[in-house]
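*Asks:*
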Amino acid sequence: MMDNKLPFPPLPSKGYPWLNRLRGYIHAFILIPISHYYCRLRGEELPPGIFPLPFNLILKFTLGTREEEGLAMSLARSVGIPVPRFIEYGDHCGRVPWGSILMTRIPGKPLSEVMDNLSRQELETIKSELTDILKRMRSYSNPWGSRVCGVDGNDVYGSRMPSRHISACANEPMFLKSLLRFALVNDSEEDRIRLQMARKLTSLPHDIVFTHGDLWDHNIMVNDGHISGMIDWEWSGWLPEYWEFTSIMQWRSSPWSQQLATLPCYKYYRELEWDLALIELTDFSL
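Heads up, the sequence shown is in the UniProt record's numbering, so the first residue is 1 and it goes up one at a time.
Right under this line is the structure:
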């Protein structure tokens, strides 16, 4: 475990509810129509829920978008991580069960789209930059102590959580216990072995670190052979240090998973085997 960590910057305040509702109205009925017109002029298409705007802005209005994602970007930016600048959050007053985020646009393309065209040197440069980013994120202390939680100290979100989120946990053993509550364990010898392996995750000490939570190559933007930014922070939080890696590396045959395994900061071979056992027991992670 890492000692002498830096104090994490203060959590930004959420917007006033009435102001967030006003922003949601502006996003839905002014900015989105502007984006449609803007894209027609430019002949530009982006995935559903992503709305490019003039002045290098972009509006994200997708399933699961929460204000905490904007707070996570602000925190990441405050410690020197290249991320979009969070401008404001919009609440849509129950019209849809999620919100919208207005932010600056990161230049470049997703690494997933360009990786096959990168030279070996360019790929090594990007991996080195990613290593530096992860080291920086992990160099700060958890402001919530040993708590496993979202950036605001509350529920932790992610694809591996039942219903995509669980309540914050006091520590890593309680976090594992919360996940195992939803494990599907039958009387087979295989499941008994998996359960024994999964429980080993707390046999080693782990730092609870600032985690992106969805470190796929499509969330890493690249421009001119360098990382220009990291996007989609909706699953970020304070999680065990192995989580950033093992959550991706469960797909061992993925080219990006294999690249992650070569990063100098990857050292979680035992945790990967134990976490795979946990993943196999939990249907919400499949």
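For each residue, glycine too, the CB sits at the ideal point set by N, CA and C.
Buried or exposed: Ala170, going by 16 or more other Cβ atoms within 10 Å of its Cβ?
*Replies:* Exposed, by the Cβ-count rule.
*Asks:* Identify which residue in Pro162, Gly90, Glu113 and Glu122 has its Cα closest to the Cα of His218.
*Replies:* Among Pro162, Gly90, Glu113 and Glu122, the Cα nearest to that of His218 belongs to Glu113.
*Asks:* In three-state terms, what does DSSP make of Cys93?
*Replies:* Note: Cys93 maps to coil in three-state DSSP.
*Asks:* What's the gap between the Cα of Ser285 and the Cα of Ile208?
*Replies:* Low confidence applies to Ser285: its pLDDT is 43, below 50, so where it sits in the model is not reliable enough to give any reading.
*Asks:* For Lys60, is the classification buried or exposed, using 16 other Cβ atoms within 10 angstroms of its Cβ as the cut-off for buried?
*Replies:* That one is buried.
*Asks:* Along the alpha helix (DSSP H) that carries Gly237, what are the first and last residues, could you check?
*Replies:* Premise fails: Gly237 lies in the beta strand (DSSP E), Gly237 to Pro240, not in any alpha helix (DSSP H).
*Asks:* How do the segment 94-112 and the segment 175-183 stand: do at least 3 beta-carbon pairs fall below 8 Å, yes or no?
*Replies:* As far as the Cβ criterion goes, the segment 94-112 does not touch the segment 175-183, which means the pair count is below three.
*Asks:* Around the Cβ of His226, are there at least 16 other Cβ atoms within 10 angstroms (buried) or fewer (exposed)?
*Replies:* Looking at its Cβ environment, which holds fewer than 16 other Cβ atoms inside 10 Å, His226 is exposed.
*Asks:* Which of the three DSSP states, helix, strand or coil, is assigned to Asn219?
*Replies:* Residue state, collapsed to three classes: helix.
*Asks:* Give a yes or no on whether the C-beta atoms belonging to Thr131 and Pro173 are separated by under 7 Å.
*Replies:* Not a contact, by the Cβ cut-off of 7 Å.
*Asks:* Would you grab the beta carbon distance between Ile30 and Phe51 for me? Rounded to a whole angstrom, and I think it's under 8 Å.
*Replies:* Wrong, their Cβ atoms sit about 11 Å apart, outside the cutoff.
*Asks:* Comparing alpha-carbon positions, which option in Ile248, Ser128, Met137 and Gly213 lies nearest Lys5?
*Replies:* Checked all of Ile248, Ser128, Met137 and Gly213; the closest Cα to Lys5 is Met137.
*Asks:* So, is Cys149 buried or exposed, given that buried needs 16 or more other C-beta atoms within 10 angstroms?
*Replies:* Buried.
*Asks:* Flag Ile279 as yes if its beta-carbon sits less than 7 Å from any beta-carbon of chain B, otherwise no.
*Replies:* Reference to chain B is not applicable here, since this structure consists of a single protein chain.
*Asks:* Compute the distance between the beta-carbons of Ala277 and Arg194, then report whether it is under 7 Å.
*Replies:* Yes, the Cβ-Cβ distance between Ala277 and Arg194 is below 7 Å.
*Asks:* In its own chain, which residues sit with a C-beta less than 8 Å from the C-beta of Leu281, not counting the 5 before and 5 after it?
*Replies:* So the qualifying residues of the chain are Leu180, Ala183, Leu184, Val185, Asp191, Arg194, Leu195 and Ala198.
*Asks:* The beta strand (DSSP E) spanning Gly24 covers which residue range?
*Replies:* Gly24 -> not in any beta strand (DSSP E); alpha helix (DSSP H) instead, spanning Pro17 to Ile26.
*Asks:* Kindly identify the DSSP beta-bridge partner or partners of Leu102.
*Replies:* According to DSSP, which records beta bridges pairwise, Leu102 is partnered with Leu59 and Glu88.
*Asks:* Under 8 Å Cβ to Cβ from Leu134, same chain only, skipping five residues before and after it: list those, please.
*Replies:* Taken in chain order, the residues that qualify are Glu244, Leu263 and Cys265.
*Asks:* Keeping to the same chain, check which residues put their C-beta closer than 8 Å to that of Met249; ignore five residues upstream and five downstream.
*Replies:* Closer than 8 Å at Cβ, skipping near neighbours: Ser257, Leu260, Ala261 and Leu272.
*Asks:* Suppose the cutoff is 7 Å on Cβ atoms and the five residues either side in sequence are ignored; what does the same chain contact list for Val222 look like?
*Replies:* If we look at Val222 and ignore the five residues flanking it on each side, its Cβ neighbours are Gly108, Lys109, Leu111, Val114, Ile126 and Ser228.
*Asks:* Check each candidate in His27, Tyr140 and Trp238 and name the one with the smallest Cα separation from Phe175.
*Replies:* It is Trp238 whose Cα lies nearest to the Cα of Phe175.
*Asks:* Please report the distance separating the alpha-carbon of Gly15 from that of Ser74.
*Replies:* If I take the Cα positions, the gap works out to 13 Å.
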